[in-house]
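Read through the structure below, which is laid out as structure tokens, and then see the notes.
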Amino acid sequence: MIGENKVLFSGMQATGNLTLGNYLGALKNWVSLCDEYLCFYSVVDLHSITIRQDPAELRRRARNLLTLYIAAGIDPEKNCLYYQSHVSAHAELAWILNCFTYMGELNRMTQFKDKAAKHADNINAGLFTYPVLMAADILLYQSDVVPVGNDQLQHLEITRDIAQRFNAIYGDVFTIPEPYIGKAGARIRSLQDPSKKMSKSDENPNASIYLMDDPDTIMRKFKRAVTDSEGCVRYCKEQPGIMNLIDIYSACTDKSVSEIEKEFDGRGYGDFKTAVGESVVAILKPLQDRFDDLNKNKDHIDKIIKENAEKAEYYALKTLRKVQKKVGFPERVR
Ligand code: ATP
Ligand code: LTN
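In case it helps, our numbering puts the sequence shown at residues 81 to 414.
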């Protein structure tokens with residue numbers, strides 16, 4: 081809690097161009113939570129360098145991501161949108177929490193195993209302690225809730241364990257965060273292989289709709305999307321490709337699955353794919369226009385970045401100073 085407000089924390093990495101999956105599964109919901117919580121949404125660039133990055137690309141993508149947060153409708157006056165690297169308390173708290181986290185716990189993290197297998201030439205210590213930095217992100221702001229996908233639940237669990245361990249020794253220092261389980265947002269799947277999720281690091285550009293894709297590209301990608309052989313628009317396990325397209329259409333139009341099945345009863349895949357493409361263009365075009373408008377005023381974004389980093393730092397330092405005192409660091413004289 082901060083004052084009267086419940087606190088929500090979440091973050092995204094700028095490690096690729098955001099996809100429709102990131103928007104429908106995360107960003108869109110983040111916007112709707114702003115009325116209910118004081119929200120901290122970070123561009124978690126410290127996490128990004130656990131995988132090797134091109135510096136200029138990382139900087140460009142991080143800026144685009146922060147601008148997208150605003151373009152999506154998160155008000156930077158009422159919430160806090162900032163780069164993790166601008167608030168050094170994240171790294172400082174992470175160090176302290178490292179000393180309260182066991183190797184055995186980190187060894188059980190499935191994301192580490194997946195990423196280590198994927199990047200066998202660069203299994204660095206940062207990749208291993210990634211969840212501790214994430215715990216620091218969340219605990220610094222005394223967060224009550226954290227909206228995360230299933231893939232991050234294990235990290236939230238370890239965050240709770242670390243916080244409880246610390247509190248058991250030093251008293252109530254950290255709020256114990258809960259996962260925020262919103263209305264089940266569908267997991268959007270790859271357009272080329274519906275057994276995989278749509279992901280910004282997919283090497284095949286036809287597998288994902290990027291938030292900045294122009295309408296022609298979007299329509300083309302949906303036309304090429306892998307479908308099934310039944311030939312009818314029906315939501316069933318035997319048709320994973322069509323299920324995915326129905327999920328996307330439903331998320332973009334707010335129509336229910338049965339409404340959609342009725343709408344396309346007796347019509348082929350072609351008509352349906354066109355409708356799905358158009359519904360996605362209708363959602364993304366206004367987002368892209370706002371993004372372009374925001375980018376016309378560099379000074380305005382710079383001001384938001386500065387003010388929001390200061391706001392984040394103010395709250396982060398309150399927690400960090402308390403923690404430093406608890407573990408026995410000398411009193412600060414400056
Ligand atoms: P990467 O390919 O770099 O692992 P990603 O596209 O899988 O990235 P993350 O950075 O892991 O995305 O996740 C950012 C947010 O978007 C998370 O909240 C995650 O749950 C959500 N998200 C990612 N992919 C999807 C998807 N396909 N469907 C729904 N939500 C998603
Ligand atoms: N690991 C998350 C990003 C992330 C995060 C966080 C999410 C970093 N710190 C704190 C929620 C709370 C991811 O890759 N999606």
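Even glycine gets a Cβ: it sits at the ideal position worked out from N, Cα and C.
query: Beta-carbon proximity check, D231 vs Q272, cutoff 9 angstroms; result: no
query: Contact test: S90 Cβ vs ligand 2 heavy atom, cutoff 8 angstroms; result: yes
query: M183, buried or exposed, once every other Cβ within 10 Å from all chains shown has been counted against 16; result: exposed
query: For K335, the three-state DSSP class (helix, strand or coil); result: coil
query: Beta-carbon proximity check, L220 vs V167, cutoff 9 angstroms; result: yes
query: Residues bridged to G91 [DSSP beta-bridge criterion]; result: S122
query: C-alpha distance - V407 paired with K378, whole-angstrom precision; result: 42 angstroms
query: Buried/exposed call for P410, threshold 16 Cβ in 10 Å; result: exposed
query: Start-to-end residues for the beta strand (DSSP E) that takes in E116; result: Where E116 is concerned, there is no enclosing beta strand (DSSP E), given that its DSSP letter is neither H nor E.
query: I218 Cβ short of 8 angstroms to ligand 2 heavy atom set; result: yes
query: L466 vs N102 beta-carbon contact at 9 angstroms; result: A query on residue 466 cannot be resolved here, the shown segment of the chain reaching from 81 to 414 and no further.
query: Per-residue burial, C332 [other beta carbons within 10 Å of its own, 16 or more giving buried]; result: buried
query: Cβ-heavy atom distance, Y210 to ligand 2, below 8 angstroms; result: yes
query: Span of the beta strand (DSSP E), counted from its first residue to its last, around P259; result: E258 to Y260
query: G311 Cβ short of 8 angstroms to ligand 1 heavy atom set; result: no
query: Neighbour-count burial assignment, W110, 16 or more Cβ in a 10 Å radius; result: buried
query: Beta carbon of M278 nearer than 9 angstroms to that of T99; result: yes
query: Presumed contact (8 angstroms Cβ cut-off) between F89 and I218, rounded CB distance; result: 5 angstroms
query: Distance CB(I82)-CB(L113) smaller than 9 angstroms; result: no
query: Cβ-Cβ distance between I298 and G357 below 9 angstroms; result: yes
query: Rounded separation between I256 and K342 - CA only; result: 45 angstroms
query: Selected residue, minimal CA-CA separation from H380, among I150, D201 and T181; result: I150
query: D334 Cβ short of 8 angstroms to ligand 1 heavy atom set; result: no
query: Touching by the beta-carbon criterion (3+ pairs, under 8 angstroms), the stretch 134-148 and the stretch 170-184; result: no
query: Neighbouring residues (CB closer than 5 angstroms to any heavy atom of ligand 1); result: M92, Q93, T95, G101, N102, G105, A106, G229, R267, I268, K277, M278, S279, K280 and S281
query: Beta-carbon proximity check, Y233 vs L400, cutoff 9 angstroms; result: Checking the displayed sequence, the identity of residue 233 turns out to be Leu instead of Tyr. Result no, Cβ atoms of L233 and L400 do not sit closer than 9 angstroms.
query: Sequence ranges, beta strand (DSSP E) only - wholly within the stretch 279-354, length at least 3; result: none
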